[in-house]
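Just below is one structure, and these are the notes that go with it.
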Amino acid sequence: MRNPLAEKVVEIKPSGIRKFFDIVSEMKDAISLGVGEPDFDTPWHIREEGIYSLERGRTFYTSNSGLKELRQEVCNYMRRSQGIDYDPLKEVLITVGGSEAIDIGLRAMINPGDEVLIPQPSYVSYEPCAILAGAKPVIINLKAENQFRLTARELEEAITDRTKILILPFPNNPTGAIMERKDLEAIAEVILKHDIFVMSDEIYAELTYKDKHVSIASLPGMRERTILINGFSKAYAMTGWRLGYACGPENILQQMTKIHQFAIMCAPTTSQYAAVDALKNGDEDVAQMRTAYNQRRRYLMNAFREMGLECFEPFGAFYVFPCIKEFGMTSDEFATRFLEEEKVAVVPGTAFGDCGEGYLRISYAYSLENLKVAIGRLEAFVTRLRSSR
């Protein structure tokens, strides 16, 4: 029988995150600090709106681009949060999570052989989606000494005459790094100079703890060359609702909508009605969750200092990225032993790119009580490793 499989799909490695979750799901009394999923319930008024839409029989397809009312609320949100104006009918597409927007955005823009610049460590989907779109991924290794921010120099050095898109993954998963306005202005200058485009993944835009998030699309000359991706999973604790959106130039959004139309039809209708309420009435809920995450973030940073574990201070998302190079183990070895000996699951930094070697991703999207138990186990594990050297 001939091989039924596509070579480029077979060659893509499975997500490095899943291995530990499969083990921890079968392990009694284990604690997982690996999933990037809020431990909060979706706020009740948002759930109620979804329930109400079902009670009213709103189980039909929406337009391919999404409910007009939701697209308008997305535009209202972008205007008040970033000062960017989008046309709800032509420049907004509602997608099945931010992940779909990443996928179809790359497919709509890439020709075979085009290069996509991907700063790493970063979200696991960027590189596979680039490959599936026919692009050549070009990795930019972010550095701890730069607080895992992308510098203009690093960007300049990675650009070739085949470069078409820069993926900008900030606030960053897994490091929690952010880009401030001055950082983005330097990046924008290089982008304009080389006439390339940006896919800005801003799913954690509402979860910053130092300054308010700044979108690169808000800078002069960048709106017309940026696909801005966001969604409801992280800020509104709506992971299972599977809803995201893309904003950008009409000519690009038209082609993204075409792919979305043939592959998906439309995002879930119930989720869209709930999301309208989230954008209209969810600011206070987001603020409360952000305050709770910040408390957990500060607790973890203090705990790392007390146990002498090196970790740069993250100011975005809900992850910390401590360094474990002192122990002479790979990230995978450390995470595996930590799970086996202390029953705590964390994610090896290499799940997010080779330059994540020597680091772990720990999510603080968990209760403070669980974090305290897990960090107590981490301290015992680290102490044991140091005493055995």
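With this note's numbering applied, the sequence shown covers 4 to 392. Where is the CB? At the ideal position from N, CA and C, for every residue including glycine.
Run through the DSSP bridge pairs and tell me what Val119 is partnered with. For Val119, the beta-bridge partners assigned by DSSP are Pro140, Ile168.
Once you ignore the five residues that flank Thr245 on each side, which residues in its own chain have a CB closer than 6 Å to its CB? Per the sequence presented here, residue 245 reads as Arg, with Thr not at that position. Cβ neighbours of Arg245 within its own chain (closer than 6 Å, five residues either side excluded): Val99, Gly100.
May I ask you to list the residues that DSSP assigns as paired with Ser35? Beta-bridge pairing links Ser35 to Ala348.
Any 3 or more C-beta pairs closer than 8 Å across the segment 177 to 184 and the segment 315 to 331: Here the segment 177 to 184 makes contact with the segment 315 to 331; the two share three or more CB pairs at distances below 8 Å.
Under the DSSP definition of a beta bridge, which residues are partnered with Gly319? Looking at the DSSP output, Gly319 sits in a beta bridge with Thr211.
Can the beta-carbon of Gly285 be found less than 8 Å from the beta-carbon of Tyr212? In this structure, Tyr212 does not lie closer than 8 Å to Gly285 by Cβ.
Unbroken alpha helix (DSSP H) runs of length 4 or more, entirely within the segment 202 to 290: which are they? The segment 202 to 290 contains these whole alpha helix (DSSP H) runs: 253 to 266, 272 to 284.
Given 8 Å, three or more beta-carbon pairs between the segment 162 to 174 and the segment 190 to 207: Verdict: yes, contact present.
Thr396, enclosing alpha helix (DSSP H) - first and last residue: Within the shown structure, residues of the chain are numbered from 4 to 392, placing residue 396 beyond reach of any answer.
Find the nearest neighbour of Val38 within the set Asp280, Leu135, Asp25, judged by alpha-carbon distance. Of the candidates Asp280, Leu135, Asp25, the residue whose Cα lies closest to the Cα of Val38 is Asp25.
Just how far apart, CA to CA, sit Gly96 and Arg82? First, the residue type needs correcting, since residue 96 is Leu and not Gly in the sequence shown. Between Leu96 and Arg82, the C-alpha separation is close to 16 Å.
Please list the terminal residues of the continuous alpha helix (DSSP H) segment that includes Val13. From DSSP, the alpha helix (DSSP H) with Val13 extends over 10 to 13.
Should Asn233 be labelled buried (16 or more other beta-carbon atoms within 10 Å of its own) or exposed? Asn233 is buried by the Cβ-count criterion.
From Ser128, Ala290, Pro122, pick the residue whose C-alpha is nearest to that of Ile105; which is it? The option with the nearest alpha carbon to Ile105 is Ser128.
Give me, in chain order, the residues of the same chain whose beta-carbon lies closer than 7 Å to that of Ile262; leave out the 5 immediate sequence neighbours on both sides. The beta carbon of Ile262 is closer than 7 Å to those of Ile107, Arg110, Ala111 in its chain, skipping five residues each way along the sequence.
Ala278 vs Arg50 beta-carbon contact at 8 Å: No, Cβ-Cβ distance for Ala278 and Arg50 is not below 8 Å.
Minimum C-alpha distance to Met332 - residue among Val347, Ala270, Ile190, Leu388: Closest option to Met332, Cα to Cα, is Leu388.
With DSSP as the reference, label Ile365 as helix, strand or coil. The DSSP-derived three-state label of Ile365 is strand.
For Asn176, is the classification buried or exposed, using 16 other Cβ atoms within 10 angstroms of its Cβ as the cut-off for buried? With 16 or more other Cβ atoms inside 10 Å of its own Cβ, Asn176 counts as buried.
Pairwise C-alpha distance: Glu159 and Asn149: In this structure, the alpha-carbon of Asn149 lies about 16 Å from that of Glu159.
Based on Cα-Cα distance, which residue from Glu329, Ala320, Phe330 lies nearest to Tyr369? Per the Cα distances, Ala320.
Select from Leu210, Val193, Ala270, Lys346 the residue whose C-alpha is nearest the C-alpha of Tyr367. Among Leu210, Val193, Ala270, Lys346, the Cα nearest to that of Tyr367 belongs to Leu210.
So, at 7 Å on beta carbons, what are the nonlocal neighbours of Leu73 in its own chain, with the 5 sequence-adjacent residues on each side left out? The beta carbon of Leu73 is closer than 7 Å to those of Ile97, Gln275, Ala278, Val279 in its chain, skipping five residues each way along the sequence.
Element boundaries [alpha helix (DSSP H), containing Leu77]: It should be pointed out that residue 77 corresponds to Val in this sequence rather than to Leu. Counting along the chain, the alpha helix (DSSP H) containing Val77 begins and ends at 71 to 85.
At a cut of 8 Å, does the segment 266 to 273 reach the segment 62 to 79 through at least three beta carbon pairs? Verdict: yes, contact present.
Continuous beta strand (DSSP E) stretch holding Leu96: start and end: 95 to 98 is the span of the beta strand (DSSP E), which, as asked, contains Leu96.
Tell me Phe200's beta-bridge partners as DSSP assigns them. Under DSSP, Phe200 forms a beta bridge with Ile168.
Go to Cys132, then tell me how far its alpha helix (DSSP H) extends in each direction, as first and last residue. Taken as a continuous stretch (DSSP letters only), the alpha helix (DSSP H) holding Cys132 covers 129 to 135.
Determine contact between the segment 213 to 226 and the segment 181 to 198, defined as no fewer than three beta-carbon pairs at a distance below 8 Å. Flag = yes, the segment 213 to 226 and the segment 181 to 198 touch.
Is Asp288 buried or exposed, if buried means 16 or more other CB atoms sit within 10 Å of its CB? A residue is called buried once 16 or more other Cβ atoms fall within 10 Å of its Cβ, and Asp288 is buried on that count.
Alpha carbon to alpha carbon, how far is Ile255 from Leu374? Give it in angstroms, no decimals. Each residue's Cα considered, the two are about 43 Å apart.
Tell me the residue span of the alpha helix (DSSP H) that contains Arg156. Looking at the DSSP string, the run of the alpha helix (DSSP H) that includes Arg156 is 155 to 161.
Could you work out which residue in Ala208, Val376, Ala249 is closest to Ser84 when comparing CA atoms only? Distances from the CA of Ser84 to each of Ala208, Val376, Ala249 were compared; the closest alpha carbon is that of Ala208.
Going by DSSP, which residues form a beta bridge with Cys326? Looking at the DSSP assignment, Cys326 forms a beta bridge with Tyr362.
Can you list, in chain order, the residues of its chain whose CB lies under 6 Å from that of Ser236, leaving out five sequence neighbours each side? For Ser236, where only same-chain residues beyond five positions count, the Cβ hits under 6 Å are Thr242.
Relative to the C-alpha of Val349, which candidate in Arg340, Arg364, Glu343, Gly356 has its C-alpha closest? Checking every option, the nearest Cα to that of Val349 belongs to Arg364.
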